[in-house]
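Under the working numbering, the letters of the sequence shown match residues 182 to 355, in that order. Below is one structure; the comments refer to it alone.
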Amino acid sequence: MKASEAPPPGWYPDPEGGVRLRWWEGTDWSDRYRARQGIDVGLLGSHSSRPELPSEPGALMRNVPVAGRGQSPRPRSGENAELIAQVRDAARAEIDRAADVFSARARAATGKIEPMITEYTSRVLRWIKIAFAIAFVLLIAWVVFSAVAQMTFFEWLGDRIDNLTDDSRGVMGS
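Quick look at the structure:
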């Protein structure tokens, strides 16, 4: 940025973040800070659009009257509404930006976390466990099949024996 394009000296939102104001000397930031003037958060309301923040320092506050800049210390009601709108837009944009940064960092952090079970098991051991599980299920299926097959076999055998004895009685009795 050229020195001629720099905003005039004055109090601007701290570019390092936070809720304080920092003195812009016209070419560089000073080490002087001050608390922001009381802004009623309840008056800010909701705003549906997501404004873009300018990249140059103090661009949002350029047209806002601030005491010590040669303007009246108390803004008029129209200027007050404009100030509230600018602060609301800046706060919404900063909240959205912070949420995006937080979400990106959270996704990056969770992508690097390995499940703890992988630290204690290997692929070979995992395949052995799967093979044992399949073998156990097959064993249970075989036992159930054998029981059903034996039951039906013994019923069939019992029916055959009953038929033999019934036939033999009928032949002898005649």
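Note that the Cβ used here is the ideal one computed from N, Cα and C, for glycine as well.
query, result
"So the beta strand (DSSP E) alanine 187 belongs to, where does it begin and stop?", "Neither: alanine 187 is in no beta strand (DSSP E) and is coded neither H nor E."
"Do aspartate 209 and arginine 203 count as a contact pair if the criterion is CB distance below 8 Å?", "no"
"The beta strand (DSSP E) that contains serine 303, what's its start and end?", "Run containing serine 303: none; DSSP gives neither H nor E here."
"By Cβ distance below 6 Å, which residues in the same chain neighbour aspartate 221 in space, the five residues on each side in sequence not counted?", "Residue placement at aspartate 221 cannot be trusted, given a pLDDT of 41 that sits under 50; the coordinates are not used to answer."
"Which term fits leucine 224, buried or exposed, when burial requires 16 or more other beta carbons within 10 angstroms of its beta carbon?", "Any reading at leucine 224 must be qualified, since the residue scores a pLDDT of 38, below 50, and its modelled position is unreliable; the value itself is stated next. Counting Cβ neighbours within 10 Å, leucine 224 comes out exposed, since fewer than 16 surround it."
"Along the beta strand (DSSP E) that carries aspartate 212, what are the first and last residues, could you check?", "210–216"
"Just verifying my parser: in three-state terms, what is the DSSP assignment at glycine 259?", "helix"
"Decide if tryptophan 323 is buried, meaning its Cβ has at least 16 other Cβ atoms within 10 Å, or exposed.", "exposed"
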